[in-house]
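Going by the numbering used here, the sequence shown opens with residue 2, and the numbers climb by one from there.
Beta carbons: idealized from backbone N, C-alpha and C, even for Gly.
Computed from a predicted structure; not experimentally measured.
Scroll down for the structure; my scribbles are underneath it.
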Amino acid sequence: MKTEDSVLRLGDVLRCDVGLSLPVVVIKATYDRLFELGVADVRTRLCYARYLLLHGPEWDREAGDILRQVEEPARLVGIWDPAFLGHHPVFYQSPQM
């Protein structure tokens, strides 16, 4: 993951996480690389934080930090409500966010 430069290929990794079946370390590495490549919109960060919350207390602090950063902008664009979010949003990220 650390050397992949294609957002689309990284998105393919996330697309394979059907039913949250991939190891958390793989998904974390994928998101970390996406963020390094500039994919850090509010929707992606919000869904990533909520993903971390599903995987045990060792990720709660990181998830909480992200949620605090994105809550206000997510509410402003109307995506704070989980009903508006899908799993691994890199596939439908909006360039406006």
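Residue i to residue j span [Cα, whole Å]
| i | j | result |
| --- | --- | --- |
| Gly20 | Val71 | 25 Å |
| Trp81 | Ala50 | 12 Å |
| Ile28 | Val43 | 18 Å |
| Gly57 | Val25 | 10 Å |
| Phe36 | Tyr52 | 15 Å |
| Leu54 | Arg69 | 14 Å |
| Ala41 | Ala64 | 14 Å |
| Leu23 | Trp60 | 16 Å |
| Ser7 | Ala30 | 14 Å |
CA nearest to the CA of residue i, picked from the options
| i | options | result |
| --- | --- | --- |
| Cys48 | Pro58, Arg62, Ile67 | Ile67 |
| Gly39 | Arg69, Leu11, Trp60 | Leu11 |
| Leu15 | Tyr32, Asp61, Glu5, Ser7 | Tyr32 |
| Glu5 | Glu73, Gly79, Arg34, Trp60 | Arg34 |
N-terminal and C-terminal residue of the alpha helix (DSSP H) that residue i is part of
| i | result |
| --- | --- |
| Asp13 | 8-16 |
| Glu37 | 25-37 |
>> Extract the residue ranges of the alpha helix (DSSP H) inside the stretch 38-66, only unbroken runs of 4 or more that lie entirely within it.
In response: 43-54
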